[in-house]
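Beneath this line is the structure, given in structure tokens, with notes to follow.
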């Protein structure tokens with residue numbers, strides 16, 4: 003028997019309880035998932051309703067325990083032949099490091115990846131999807147688990163001497179991530195401008211380097227230094243990345259003479275209704291609501307305002323800018339109005355509120371072309387919908403479309419309907435929509451990966467329709483069996499940056515409701 | 655004769671503390687080399703460098719012709735290493751421990767394994783964690799002998815063991831002495847004296863001497879001079895005389911470079927009035943103590 007199998011079988015004998023727990027938890031997850039479907043059909047799964055509402059504590063616990071037990075299994079398996087210290091018996095035995103590493107890899111693949119793969123295949127099959135059609139996505143899920151969980155956990159396990167030390171190191175990593183997240187909030191534009199791919203590549207490289215360095219040479223100090231160095235490098239990278247240049251590259255400035263794909267004009271009369279708006283939370287921030295009239299959007303075009311950079315200048319020369327912030331506002335042809343929210347620090351607001359200011363906005367925009375339009379009448383019961391998996395419009399409490407998609411949510415699925423033709427019974431409190439009022443709902447996921455990371459290969463989501471009334475308020479429209487809708491899959495065709503200036507703007511006048 | 659172990663100016667520094675200073679020694683193949691020295695002398699550090707468990711700050715070491723920094727994997731099929739503070743897989747039963755190790759060694763001798771298990775009375779169904787200290791050392795030693803290693807390295811294997819267990823271990827070792835080089839560090843000088851062929855004495859990280867035990871025994875003598883009347887102690891004494899002490903009409907010292915003719919001549923030169931001179935051979939323990947005391951006096 004070769005060394006790989008000797009070590010693997012030894013680990014199996016020693017860690018059978020841990021591996022059994024990991025497999026049992028995955029089985030419980032699968033059982034719980036399938037059980038949640040069997041009662042009340044697809045619509046019953048809506049978050050907060052149906053079976054899932056009966057089991058959330060257990061469901062949450064299982065979901066939490068699975069990665070914890072995986073971490074435990076990884077740490078135990080690797081530390082079975084600890085790479086830290088100078089008293090381990092195995093270092094003076096004829097263990098070949100490549101074979102030892104292979105044995106540990108085999109162990110992790112056998113007791114983490116393989117059961118997960120089997121579970122994913124089972125869930126896809128149980129949900130009515132043919133697993134063989136989703137092999138790439140299934141393998142992608144395995145790869146993401148390896149990169150997100152296994153690789154960093156293995157790297158930490160190689161530089162720690164015990165499970166307690168491992169979890170302590172993990173806690174330090176979590177604290178570092180929380181600190182990094184806080185720091186990222188303090189650095190303007192960092193959330194919007196960073197692609198993260200460079201950090202991701204370094205992350206994988208450092209994890210691999212630590213694992214190889216430890217197995218080949220057991221240079222624990224150097225390996226720990228590498229991890230700490232990477233942590234410091236990430237912080238430095240976070241601080242020095244030229245986010246604005248990156249945004250400028252991703253969203254090139256609209257050239258002079260080019261017509262912007264949309265026009266926004268501030269409409270002072272469209273004052274927001276307090277009930278429709280988020281309230282200011284805490285004493286630190288002030289929210290300024292900017293109601294705009296929308297025009298100029300070509301038919302078959304959809305505009306997404308990805309991010310906005312606000313620059314405010316008061317008459318006394320005081321300047322403030324927000325850095326690039328995510329917005330995620332969609333503008334559709336025929337849409338009459340929209341609103342953006344400017345979040346100001348209270349100190350800045352207090353300094354500028356007394357007199358009008360010049361407000362300059364840079365908008366990072368993606369233009370989509372509405373493609374693959376098709377008419378569709380929502381059937382009864384569960385039905386298949388291209389890109390969206392299996393869907394249902396029958397739900398006891400809400401009137402949205404619920405779907406269960408294999409591996410990932412659609413890149414962009416737009417549902418358009420004449421709100422007046424909804425077959426749902428309207429509630430007494432709502433006046434029926436005008437004839438021809440366009441209601442829209444959509445689900446979009448920018449990622450181009452073949453699957454979303456996680457344990458569950460099924461992505462559940464709901465799409466509700468809303469339509470704009472004359473005021474900036476939106477009203478919901480139900481999707482019920484028999485409702486005629488238009489489905490389409492918008493595709494991005496252009497990214498650009500455009501500017502908008504508002505002169506003599508009164509911040510105080512547009513301030514939102516306070517709690 | 656080839657050297658099984660050879661070190662050149664091996665130095666190990668932990669921050670500002672020199673654990674080992676310019677250690678140069680050679681252990682010929684087939685030797686039973688006793689590596690002795692007081693606590694904290696640097697014996698374990700030296701052995702860990704030899705076994706590539708830690709790296710040296712300076713200098714180099716060769717083990718079975720291989721640079722010690724290259725010592726890993728397959729090279730350990732020829733080396734058996736047992737240390738007093740080695741962490742064994744405590745959860746394993748003794749039998750499983752042997753089962754686990756067997757495939758790693760192409761030269762593993764099943765009949766020798768069984769013989770060692772019988773000789774050391776190892777309980778195969780007991781977990782290593784449930785064994786007494788002596789039994790654990792026996793299990794570790796048996797697992798390090800069963801594949802006929804060319805080199806056996808033992809770091810303080812006898813510490814804290816009762817005499818019976820020590821004898822059993824030594825017996826087990828002696829039976830392997832013909833086919834292996836044995837490098838053993840220990841405080842247990844009495845036992846080592848009975849079977850060591852070579853000895854190295856390490857003190858404060860420095861090797862004071864390294865030679866064959868027979869030549870060491872020849873080199874050290876306890877000298878006793880008897881006088882008619884209490885003699886006058888001269889200011890200068892030969893450098894090879896250690897611990898010179900006088901008591902009434904008797905002077906005693908340890909000669910560390912004994913040669914009967916030369917030592918007698920030295921005695922006559924320094925103490926011409928001595929009535930009687932006796933040269934008594936010393937035990938290894940006495941030599942060790944004399945060296946240790948001399949080291950402390952010069953420190």
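Protein chains in written order, with our numbering: chain A, 3 to 517; chain B, 655 to 953. Note that beta-carbon positions come from the ideal geometry of N, C-alpha and C, so glycine has one too.
Quick check: is the beta carbon of residue 350/A nearer than 9 Å to any beta carbon in chain B?
It does not; no Cβ of chain B falls within 9 Å.
Measure how close the beta-carbons of residue 457/A and residue 68/A come, nearest whole angstrom, since I'm counting them as under 8 Å.
At roughly 6 Å, the Cβ-Cβ gap stays under 8 Å, so residue 457/A and residue 68/A are in contact.
Mind reading off the beta-carbon distance from residue 877/B to residue 906/B? Whole number of angstroms is fine, and I expect it under 8 Å.
Sure, about 7 Å apart at Cβ, within 8 Å.
Count the other CB atoms within 10 Å of the CB of residue 919/B; is the residue buried (16 or more) or exposed (fewer)?
Answer is exposed; the Cβ neighbour count stays below 16.
How about residue 524/A and residue 140/A: do their beta carbons lie closer than 9 Å?
Chain A is shown only over 3 to 517; residue 524/A falls outside these bounds and no answer can be derived.
Would you call residue 372/A buried or exposed, if buried means 16 or more other Cβ atoms sit within 10 Å of its Cβ?
So residue 372/A counts as buried.
Verify the contact flag: residue 786/B, CB atom, against every heavy atom of the ligand ADP, threshold strictly below 8 Å.
For the ligand ADP, the structure offers nothing, since it holds no ligand at all.
Taking only beta-carbon positions, decide if residue 755/B is within less than 9 Å of chain A.
Answer yes: the Cβ-Cβ gap between residue 755/B and chain A drops below 9 Å somewhere.
Less than 8 Å between C-beta atoms, sequence neighbours within five positions excluded: which residues of the same chain meet that for residue 165/A?
Closer than 8 Å at Cβ, skipping near neighbours: 74, 77, 78, 81.
Beta-carbon of residue 759/B versus every beta-carbon of chain A: anything under 9 Å?
Judged by the 9 Å Cβ criterion, residue 759/B is in contact with chain A.
Residue ranges of each alpha helix (DSSP H) run of no fewer than 4 residues wholly in the region 139-205 of chain A, ordered along the chain?
Counting whole runs of 4 or more residues, the region 139-205 of chain A contains the alpha helix (DSSP H) stretches 153-160, 165-188, 192-195.
Please check the pair residue 351/A and residue 504/A, which I expect to be a contact at CB under 8 Å, by giving their CB distance rounded to whole angstroms.
About 16 Å; that fails the 8 Å criterion.
Indicate whether the contact test is met: 3 or more Cβ pairs, each with one atom in the region 483-501 of chain A and one in the region 377-392 of chain A, closer than 8 Å.
Judged by Cβ distances under 8 Å, the region 483-501 of chain A makes contact with the region 377-392 of chain A, as three or more pairs qualify.
Where does residue 746/B land, buried or exposed, given buried means 16+ other C-beta within 10 angstroms?
With 16 or more other Cβ atoms within 10 Å, it is buried.
Give me the chain B residues within the contact set of residue 96/A, using Cβ-Cβ distance strictly less than 7 Å, ordered along the chain.
Under the 7 Å cutoff, chain B gives 727, 728, 730, 731, 758, 759.
Under 9 Å, Cβ to Cβ, is there at least one residue of chain B near residue 15/A?
Output row for residue 15/A: interface = yes.
Suppose contacts are defined by Cβ-Cβ distances below 9 Å. Is residue 760/B in contact with residue 735/B by that definition?
Not closer than 9 Å, so no.
Starting from residue 237/A, trace the alpha helix (DSSP H) in both directions and tell me its first and last residue.
Its alpha helix (DSSP H) spans residues 222-242.
Measure the CB-CB distance between residue 1/A and residue 390/A and report whether it falls below 9 Å.
Limits of chain A in this structure are 3 at one end and 517 at the other, which puts residue 1/A out of reach.
Apart from the five residues just before and just after residue 752/B, which ones in its own chain have a Cβ nearer than 7 Å to its Cβ?
Only 767, 797 meet the Cβ criterion.
With a CB to CB cut of under 6 Å and the five nearest residues on each side skipped, what residues in its chain are close to residue 931/B?
The answer, listed in chain order, is 879, 921.
Check whether the region 294-314 of chain A and the region 330-338 of chain A touch, using three or more Cβ-Cβ pairs below 8 Å as the test.
At 8 Å Cβ cutoff, the stretches touch.
If you draw a straight line from the alpha carbon of residue 225/A to that of residue 809/B, how long is it in whole angstroms?
Those two C-alpha atoms are separated by around 28 Å.
Counting only beta-carbon separations shorter than 9 Å, does residue 702/B have a partner in chain A?
Closer than 9 Å: yes.
Just mark residue 687/B as buried or exposed, buried being the case when its beta carbon has 16 or more other beta carbons within 10 Å.
By the 10 Å Cβ count, residue 687/B comes out buried.
By the 10 Å Cβ neighbour count, where 16 or more other Cβ atoms means buried, how is residue 693/B classified, buried or exposed?
Exposed.
Which partner residues of residue 371/A appear in the DSSP bridge assignment?
303/A, 493/A, per the DSSP bridge assignment.
Work out the CA separation of residue 123/A and residue 344/A for me, nearest whole Å.
Near 46 Å, if we compare the C-alpha coordinates of residue 123/A and residue 344/A.
Below 7 Å on C-beta distance, what does residue 705/B contact in chain A?
Ordered by position in chain A, the residues that pass the 7 Å Cβ test against residue 705/B are 94.
With burial defined as no fewer than 16 other Cβ atoms inside 10 Å of the residue's Cβ, what is the status of residue 339/A: buried or exposed?
Buried.
Work out the CA separation of residue 220/A and residue 110/A for me, nearest whole Å.
Cα to Cα, the separation comes out at about 21 Å.
Looking at the secondary structure, which residues open and close the alpha helix (DSSP H) in which residue 847/B lies?
Note, residue 847/B: alpha helix (DSSP H), 843-849.
Just to confirm, are residue 306/A and residue 368/A a CB contact at a threshold of 9 Å?
Cβ atoms of residue 306/A and residue 368/A: closer than 9 Å.
Interface residues of chain B around residue 12/A at Cβ under 7 Å?
What residue 12/A touches in chain B: 754.
If I'm right that residue 157/A touches residue 213/A with Cβ under 8 Å, what's the distance once you round it to whole angstroms?
Correct: roughly 5 Å between the Cβ atoms.
If I measure Cβ to Cβ from residue 674/B and keep anything under 7 Å in the same chain, skipping five residues before and after, which residues do I get?
664, 665, 666, 696, 699, 700, 859, listed in sequence order.
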